[in-house]
Amino acid sequence: MFSFLKNISAKNRVWALMVLMLLACCALSFYLIYIDGIKDKYLIFSFFSLLLITFLSIILTRILISKFVKSINEDFFYISENCSMGDNSLKNIKDNLSGFISTTGSELDELTESSKLMQDIISMLIETTKNSEVCKELSDKVTRDVNEGNEIMQKMVDSILTIEKTKDGLVEISSLIKQISNDTSTIHTIVSTTELLSLNASIEAAKAGQTGKGFSVVAEEVGNLAKHSGNEANEIENIVIESQKQIQIIIEANQSRVEVGKVSSNNALAVFSAIKAEMFGISSHSENIRVATWEQKLSIDQINSANFEMRNILKKNITDTVNLLKIYDINLKNFENIKEVAYVLNEYWSGVRKNG
């Protein structure tokens, strides 16, 4: 029955009600004056005063309602504008949060990749440390071997010096052989003299005839013995000469070999000393590499720990950002509800539906 009133604004409804009240008052006043025959001027004045007051009240109410509706419209536009600004701000916040999530996710992926690379580097550093330790052990072993070789070469040098000292003994032997050779010459002289004496004795025995015959035999035997001694002396002299040659060859060969051995031994000692110094340097460098590598591993462990904390922080930031996005959705719905309430109030009072 009154469905048509739904299309009339509240402002117009109030205005229509006031007009109806005024008409009702007028009708009642005329009815009382003309129908009941009221003649009292004061009462009539009172009725007209009441009508005037009612009319003025309606006008004032109309003005107040208009101001009220205008205020509602202004508030509606203010709310609508602020809601639009809030929507834009929320959209910007959402975009920023989405960008932040994307950036944070990328940073998290980069940190994860960085952690993997750090783990690979740590593995390589551990392997380098092990290799440095092995290198140091090998260097120490080579140093020990070089020290042993150095001791052996020193003993060889001592042996060569001992061999060199035997040269003096060979020289003495050569001198003795030379003395024997001189003595052999003396024997030759004695043999020659003995042969000559034996020959003279044989001649004298032949002159003596039968009497010197026995002496002749003795003289002959003495001559034979002298010849045999001479032959033996010649053999001894040959042996002595050959021995002297061999000893001289041995002395010269030993002298040459001793010189070569001394030079080679000294060179070997110098090489071993250089190797020892180089291996000491290698061992020292290996130890330094091991220490530096271990320090790098500790530093990378600290970096990994910091990366782990940063990853946890980034994960927490992503979680908080997702929660903020949920809050954004809630606030967006609240803004939409506020705008909807403003639209309903505006439509209710002004009868005009305004889209924000």
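Using full-length UniProt numbering, read the sequence shown as starting at 1 and increasing by one per residue.
C-beta atoms are modelled at their ideal positions from N, C-alpha and C, and glycine is treated no differently.
Which same chain residues, not among the five before or five after I282, have their C-beta less than 6 Å away from its C-beta?
S139
If you compare alpha carbons, which of L117, K326, K297 is closest to K130?
K297
Closest Cα partner of V322 within the set I93, D301, D109, V19:
I93
For the candidate residues S49, S57, Q119, whose alpha-carbon lies nearest to that of N307?
Q119
Hey, L60 and C26: beta-carbon distance below 8 Å or not?
no
Taking 8 Å as the cut-off, decide whether the C-beta atoms of F45 and L22 are in contact.
no
Thinking C-alpha only, which one of V142, N234, C135, Q154 is nearest N267?
Q154
According to the Cβ coordinates, are I300 and I122 closer than 8 Å?
yes
When we look at the beta-carbon of T293 and count the other beta-carbons within 10 Å, is it buried (16 or more) or exposed?
buried
V134 and I275 closer than 8 Å at C-beta
no
Taking C-beta to C-beta, are I58 and M18 nearer than 8 Å?
yes
In whole angstroms, give me the CA-to-CA distance for I318 and I327.
14 Å
Distance check for N334 and residue 357, CA to CA, integer angstroms please.
No statement about residue 357 is possible, as the shown extent of the chain runs from 1 to 356 and does not include it.
Going by CA-CA distance only, name the one from S66, R311, I289 that's closest to T112.
R311
My understanding is that S115 touches N288, with C-beta atoms under 8 Å, so please give their C-beta distance in whole angstroms.
Not a contact, Cβ separation roughly 28 Å.
State the Cα-Cα distance for the pair D320 and N96, rounded to the nearest angstrom.
13 Å
Out of curiosity, what's the CA-to-CA distance linking S284 and E278?
10 Å
Do you know offhand how far L28's Cα is from L20's?
12 Å
Is G356 helix, strand or coil when you go by DSSP?
Note on G356: pLDDT 47, under 50, position unreliable in the model; no value is reported.
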